[in-house]
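Asker:
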Amino acid sequence: MHSIALIGNPNVGKSLLFYHLTGNYVTVANYPGTTVEITKGQVNLGGRNYVIYDTPGMYSFSPITEEEAVTRRLLWELAPDLVVHVTDAKNLPRMLPLTLELISAGFQVILVLNMMDEAEKAGVRINFTRLAERIGVPVVAAAFTQGRGVTALKREMIKLLAANKSQQFFILREHPLVAKAASFLQAQYPFSRQMVARLYLEEDQEIKKLVHQKESREVQEYLAGCLAKVKKQNDNELLLYRFRQAEMMLSGIFRTSTRHSKMGRLEALMLQPLGGFLLMVVVAYVGLYLLVGRFGAGYLVDLLEGVLLGEIVLPVFSAWLHRLISSPKTLDLLVGDFGIITLGLRYALGVILPIVSTYFFVFAWLEDSGYLPRLAFWANSWMRPLGLNGRAILPLTLGFGCGTMAVLVTRTLESTRERFIATFLLAVAVPCSAQLGLILALLSAEPVFLFLWLVMVGSIFFLSGKVLNSLLPGPRTPFFMELPPLRLPSLSAILQKTGARMRWYFREICPVFIGISVLLWFLQQTGLLQQISNFLAPLMALMGLPSQMGTVFLFGFLRRDYGAAGLWDLYQQGFLDGGQLLIAAVVLTLFLPCLAQLGIMMRERGLFFAMIIAGCALLVAIMAGFLLRLLFALAVI
Numbered sequence: 043m044h045s046i047a048l049i050g051n052p053n054v055g056k057s058l059l060f061y062h063l064t065g066n067y068v069t070v071a072n073y074p075g076t077t078v079e080i081t082k083g084q085v086n087l088g089g090r091n092y093v094i095y096d097t098p099g100m101y102s103f104s105p106i107t108e109e110e111a112v113t114r115r116l117l118w119e120l121a122p123d124l125v126v127h128v129t130d131a132k133n134l135p136r137m138l139p140l141t142l143e144l145i146s147a148g149f150q151v152i153l154v155l156n157m158m159d160e161a162e163k164a165g166v167r168i169n170f171t172r173l174a175e176r177i178g179v180p181v182v183a184a185a186f187t188q189g190r191g192v193t194a195l196k197r198e199m200i201k202l203l204a205a206n207k208s209q210q211f212f213i214l215r216e217h218p219l220v221a222k223a224a225s226f227l228q229a230q231y232p233f234s235r236q237m238v239a240r241l242y243l244e245e246d247q248e249i250k251k252l253v254h255q256k257e258s259r260e261v262q263e264y265l266a267g268c269l270a271k272v273k274k275q276n277d278n279e280l281l282l283y284r285f286r287q288a289e290m291m292l293s294g295i296f297r298t299s300t301r302h303s304k305m306g307r308l309e310a311l312m313l314q315p316l317g318g319f320l321l322m323v324v325v326a327y328v329g330l331y332l333l334v335g336r337f338g339a340g341y342l343v344d345l346l347e348g349v350l351l352g353e354i355v356l357p358v359f360s361a362w363l364h365r366l367i368s369s370p371k372t373l374d375l376l377v378g379d380f381g382i383i384t385l386g387l388r389y390a391l392g393v394i395l396p397i398v399s400t401y402f403f404v405f406a407w408l409e410d411s412g413y414l415p416r417l418a419f420w421a422n423s424w425m426r427p428l429g430l431n432g433r434a435i436l437p438l439t440l441g442f443g444c445g446t447m448a449v450l451v452t453r454t455l456e457s458t459r460e461r462f463i464a465t466f467l468l469a470v471a472v473p474c475s476a477q478l479g480l481i482l483a484l485l486s487a488e489p490v491f492l493f494l495w496l497v498m499v500g501s502i503f504f505l506s507g508k509v510l511n512s513l514l515p516g517p518r519t520p521f522f523m524e525l526p527p528l529r530l531p532s533l534s535a536i537l538q539k540t541g542a543r544m545r546w547y548f549r550e551i552c553p554v555f556i557g558i559s560v561l562l563w564f565l566q567q568t569g570l571l572q573q574i575s576n577f578l579a580p581l582m583a584l585m586g587l588p589s590q591m592g593t594v595f596l597f598g599f600l601r602r603d604y605g606a607a608g609l610w611d612l613y614q615q616g617f618l619d620g621g622q623l624l625i626a627a628v629v630l631t632l633f634l635p636c637l638a639q640l641g642i643m644m645r646e647r648g649l650f651f652a653m654i655i656a657g658c659a660l661l662v663a664i665m666a667g668f669l670l671r672l673l674f675a676l677a678v679i
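Residue numbers (the working numbering): 43 to 679.
1) For residue 135, which of 149, 309, 167 and 146 has the nearest alpha-carbon?
2) Could you give the uninterrupted runs of the beta strand (DSSP E) lying entirely in the stretch 77 to 102, keeping only those of 3 residues or more?
3) Quick check on this structure: which residue in 279, 416 and 369 has the alpha carbon closest to the alpha carbon of residue 325?
4) Helix, strand or coil: how does DSSP classify residue 47 here?
5) Assign residue 60 to one of three DSSP states: helix, strand, or coil.
6) Could you name each continuous beta strand (DSSP E) segment of 3 residues or more that falls completely within the stretch 121 to 151, going from the start of the chain to the end?
7) Assign residue 75 to one of two classes, buried (16 or more other C-beta atoms within 10 Å of its C-beta) or exposed (fewer than that).
8) Per DSSP, residue 296 is paired with what?
9) Answer yes or no: do residue 476 and residue 558 have a C-beta to C-beta separation smaller than 7 Å?
10) Roughly how many angstroms lie between the CA atoms of residue 95 and residue 601, to the nearest whole one?
11) Quick one: what does DSSP say residue 266 is sitting in, helix, strand or coil?
12) Which residues in the same chain as residue 636 place their Cβ atom closer than 6 Å to its Cβ, once the five residues preceding and following it in sequence are excluded?
13) Residue 155 bridges to which residues according to DSSP?
14) In this structure, what does DSSP give as the bridge partners for residue 529?
15) What are the start and end residues of the alpha helix (DSSP H) that includes residue 437?
16) Name the residue from 225, 233 and 428 whose alpha carbon lies nearest to the alpha carbon of residue 120.
17) Give the DSSP bridge partners of residue 190, in chain order.
18) I'd like to know whether the C-beta atoms of residue 318 and residue 420 end up nearer to each other than 7 Å.
19) Give a yes or no on whether the minimum CB-CB distance between residue 85 and chain D is below 7 Å.
20) Where do the N-terminal and C-terminal ends of the alpha helix (DSSP H) with residue 631 fall, by residue?
21) What's the call for residue 399, buried or exposed, on a 16-neighbour Cβ count within 10 Å?
22) In the DSSP assignment, find the alpha helix (DSSP H) that holds residue 258 and state where it starts and stops.
23) If you run the structure through DSSP and keep just helix, strand and coil, what is residue 521?
24) How would you label residue 362, buried or exposed, when you count the other beta carbons within 10 angstroms and need 16 or more for buried?
25) Which of helix, strand or coil does DSSP assign to residue 247?
26) Report the rounded CA-to-CA distance for residue 123 versus residue 203, giving the unit in angstroms.
27) Hey, is the stretch 217 to 226 in contact with the stretch 259 to 267, meaning 3+ C-beta pairs nearer than 8 Å?
28) Rounding to the nearest angstrom, what Cα-Cα distance links residue 677 and residue 484 in this structure?
29) Tell me the residue span of the alpha helix (DSSP H) that contains residue 614.
30) Alpha carbon to alpha carbon, how far is residue 482 from residue 158? Give it in angstroms, no decimals.
31) I'd like to know whether the C-beta atoms of residue 401 and residue 470 end up nearer to each other than 7 Å.
32) Let me confirm a value: residue 175 is counted as buried when at least 16 other C-beta atoms fall within 10 Å, else exposed. Which label applies?
33) What whole-angstrom Cβ distance do residue 442 and residue 393 have, given they're in contact under 8 Å?
34) May I have the straight-line CA-CA distance separating residue 515 from residue 464, to the nearest angstrom?
35) Roughly how many angstroms lie between the CA atoms of residue 295 and residue 178, to the nearest whole one?
36) Beta-carbon within less than 7 Å of residue 246's beta-carbon, same chain only, minus the 5 sequence neighbours each way: which residues are those?
Right under this line is the structure:
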C-alpha cells in the first residue's frame, strides 16, 4: 500500500496532525521524544487509502539519538510516496535545514508551518508564496490545535500524490565536494546519491559500510579523497553549508519582531537554580500531594470505594448474585475475599481509577504548559552525578504514572548506560501513581512518617544513581533541548489527553486485575496462598510486619497498583499501626518491579540485566525495612 510519513522535530505537532488525518488519538506532548514508537494509521486522500506513519522526533539525517536513527531507517526502508515535514513556524530558521535535507534525499515534500497562531502573537511574519517558490515544494500554514490548515494540507497532499514524482522532484545546489562525490556513485540507493554522498562525507558509519559493499574500489578511493578534503576544512563544514543555504532561502521572507512576553519572568525563574527548585516544590506539593494524594487518593477514593461501591453497589450486587447463583465456589470467585468483583473490579474502579486519572490530569497539564522541558533543563546539573542528563526527566516523571510505560520511554535516552541507570532507578525507587497517591494519603495523617518515607526513598534513589555512575564506565552524553513556548494549557486538550491515557490504562489493567483475582482465588482454594504467606512470615517478622503483608507484597509483584490497594485495604482493616505502615510503605515502594514492568525490562535491557535489577531491588527493600524496624526499636528503648 502507498505510504505517507510525518517527519519533524519533537514537539511540533506531528501527533496532533496524525489525529486530524486519521481520527486516532496518540499522546501529544510538549517534551522531545514523547512518541517513542512509530504510530501507524490509515487516511483516505482523493479516493485512495494510504498508510500514514507518525515518527519519532528527528533533527537531521545524521542521527544522534536512537529516535532519529529509527526515523531515518523508516525513510530508508519505506521510501514513502510523500513526506509531510511539520515545523514550528516561530523556529523555521532552525528547522528549514531538515526540509532541505528531505528534498535533497529525493522525497516529495510538503512543508507545514504549524503553530502559526503563536508565531503571529510573537510578531513573526512569513511570505509563504515566496518561500514555496524558493524551496520548490508546497508550503502550508497551520495551527493544528485550532484545526487550522488541515483542509488546505489535505488538498496539497492529494495534488502532490496525484502528480508525477519526477515532475515534482526539486534539485538543491549541493556543497561542491558533495556534488563531486555524488557524481562518482554508481549504485542505486533508497536516498538520492547527493544525500548518500553527503552522509558518507560526514562519516556516517552505516552509510560508509553500505557504500563499501556496493561501489567499486575506484569509486571508494575517490570518495576517500573527497573525505580527506572535507577534513581539512571546518569540521562542521557540510552542516554549516545547509544552515547557510536555509538562511539564504529565508532572506527577506521571514521577519521577527521583539515583543515582551507576559510569561517571561516566570520562564526566567524556572531556569534559575533556586527559583527552579522552589517552583518544583510548589508543583510537587500542589500536583502530587494535594491533587493526587489528598484529592485523588483521599476524597475520591473514599467517595467511590467507600460510599458508592462499598455501601451501595457491591452490597446490592452481592445480594442479587446470592439469589441468582447457588454454587458456593462460583460465588466466592465473584464476590468472595478475592472475588473478581469485590476485589479485582473494586480495586480497579474504586481505588486505582481516581488516583491514576488525577495523576494523568496533572501530567497532561505539565506537558501542555511547557514546564517539563524546563524542568529537564533545570535538573540537568543535579542529574549528572547520577550518570544521567536532563533528558532522563521524562521517563522518571512518567514512572510516577506507570513504570511499564516509563521503561519503554527510556529508549529516548542516548546511551545504553543511561538507559540501564534510568531503568534501575525506575525499578528501585520510583512509585507508580497508585502507590504514590495511596502512600501520600495514608501517611499524611503523620507528617513525620511522610517526611521519613520521602527521605528514605529519596536517599536510596540518589545513592543508587551515584553508585551506578561510579561503577558503569562511559562518556557523558551531550544535553540539548528545544524549549517550547510557555503557555496556559487548553482544558479541552488536557481532558482529551487524560481520557486517551485512561482508556489505554484501563484496557491494560482491568483484564490484569480480573486475572490476578482469579489467580488469588485459585491459590486460596488450593491452600497455596496460605503456604506462601507462611513462607514469607519470617521475612515479615524480620521487618516487624504482620504476616498478612506477605500477601500484599505478592499483590505488588503481580501488579504495583494492586499491591498499593492491598496496603490501603490492610490499613483500613486495622492490621498496621503507624510505624508498621511506614515500614510497609517504604518496602512496597522499593520492592520488586511488577510483573508487567519486569517483562518490559527483560525485553528492553535483556534477561540478565533485568534479573540483576530485580534482585537489587528486593535486597534494598528488605534491608530498608529491617533498618527502619531497628530504628523504631531503638526509639522505643
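Yeah, the Cβ is synthetic: ideal placement off N, Cα and C, and Gly gets one too.
Answerer: The structure says:
1) Working through the sequence shown from its first residue, we reach residue 135 at position 93. With distances taken between Cα atoms, residue 135 lies closest to 167.
2) As far as the stretch 77 to 102 is concerned, its whole beta strand (DSSP E) runs of at least 3 residues are 81 to 87 and 90 to 96.
3) By 1-based counting over the sequence shown, the position of residue 325 is 283. For residue 325, the nearest C-alpha among the options comes from 416.
4) As a working note, residue 47 is residue 5 in the sequence shown. The answer is strand: DSSP assigns residue 47 an E or B state.
5) Here residue 60 is taken as the residue at index 18 of the sequence shown, counted from 1. It is helical.
6) 124 to 130
7) Looking up residue 75 in the sequence shown gives position 33. Its pLDDT being 42, under 50, residue 75 is placed unreliably in this model, and the value from its coordinates should be taken loosely. Under this definition residue 75 is a buried residue.
8) For the purposes of this step, residue 296 is taken as the residue at position 254 of the sequence shown. DSSP lists 168 as partners of residue 296.
9) Indexing the sequence shown from 1 puts residue 476 at position 434. Indexing the sequence shown from 1 puts residue 558 at position 516. No; because the gap between Cβ atoms is not below 7 Å, this pair is not in contact.
10) Here the question's residue 95 lines up with position 53 in the sequence shown. Here the question's residue 601 lines up with position 559 in the sequence shown. Cα to Cα, residue 95 sits roughly 33 Å from residue 601.
11) Here residue 266 corresponds to residue number 224 of the sequence shown, with the count starting at 1. The three-state reading of DSSP puts residue 266 in helix, counting H, G and I together.
12) Translated into the one-based positions of the sequence shown, residue 636 becomes position 594. The answer, listed in chain order, is 601 and 602.
13) By 1-based counting over the sequence shown, the position of residue 155 is 113. BP columns for residue 155 point to 129 and 183.
14) Mapped onto the sequence shown, residue 529 falls at position 487. According to DSSP, residue 529 bridges with nothing at all.
15) Here residue 437 refers to the residue found at position 395 of the sequence shown. Run containing residue 437: 435 to 441, per the alpha helix (DSSP H) assignment.
16) Start at 1 with the first residue of the sequence shown, and residue 120 comes out as number 78. Ranking 225, 233 and 428 by Cα distance to residue 120 puts 233 first.
17) Indexing the sequence shown from 1 puts residue 190 at position 148. BP columns for residue 190 point to 185.
18) Mapped onto the sequence shown, residue 318 falls at position 276. Mapped onto the sequence shown, residue 420 falls at position 378. Yes, they are a contact pair.
19) Looking at the structure shown, chain D is missing, and only one protein chain is on hand.
20) Taking the sequence shown and counting its residues from 1, one reaches residue 631 at position 589. Start and end: 620 to 632.
21) Locating residue 399 in the sequence shown gives position 357, where the first residue counts as 1. Classification for residue 399: buried.
22) Here residue 258 is taken as the residue at index 216 of the sequence shown, counted from 1. Segment: none, residue 258 is in no alpha helix (DSSP H) and carries neither H nor E.
23) As a first step, residue 521 must be located in the sequence shown, where it is residue number 479. The answer is coil: DSSP assigns residue 521 none of H, G, I, E or B.
24) For the purposes of this step, residue 362 is identified with residue 320 of the sequence shown, where counting begins at 1. It is exposed - the Cβ of residue 362 has fewer than 16 other Cβ atoms within 10 Å.
25) On the sequence shown, position 205 is the one that residue 247 refers to. Here residue 247 sits in helix by DSSP.
26) Translated into the one-based positions of the sequence shown, residue 123 becomes position 81. Translated into the one-based positions of the sequence shown, residue 203 becomes position 161. So the two alpha carbons sit approximately 7 Å from each other.
27) yes
28) Here residue 677 is taken as the residue at index 635 of the sequence shown, counted from 1. Here residue 484 is taken as the residue at index 442 of the sequence shown, counted from 1. Cα to Cα, residue 677 sits roughly 22 Å from residue 484.
29) Within the sequence shown, numbered from 1, the residue matching residue 614 stands at position 572. Residues 602 to 614.
30) The residue given as residue 158 occupies position 116 in the sequence shown. The residue given as residue 482 occupies position 440 in the sequence shown. Cα to Cα, the separation comes out at about 42 Å.
31) Position 359 of the sequence shown, counting from 1, holds the residue named residue 401. Position 428 of the sequence shown, counting from 1, holds the residue named residue 470. Not closer than 7 Å, so no.
32) Translated into the one-based positions of the sequence shown, residue 175 becomes position 133. Its Cβ having fewer than 16 others within 10 Å, residue 175 is exposed.
33) Counting from 1 along the sequence shown, the entry for residue 442 is found at position 400. Counting from 1 along the sequence shown, the entry for residue 393 is found at position 351. Not really, about 17 Å apart at Cβ, beyond 8 Å.
34) Walking along the sequence shown from the start, residue 515 turns up at place 473. Walking along the sequence shown from the start, residue 464 turns up at place 422. For residue 515 and residue 464, the distance between alpha carbons rounds to 15 Å.
35) The residue you call residue 295 lines up with position 253 of the sequence shown. The residue you call residue 178 lines up with position 136 of the sequence shown. Using only the alpha carbons, I get a separation of about 15 Å.
36) Your numbering for residue 246 matches position 204 in the sequence shown. 104, listed in sequence order.
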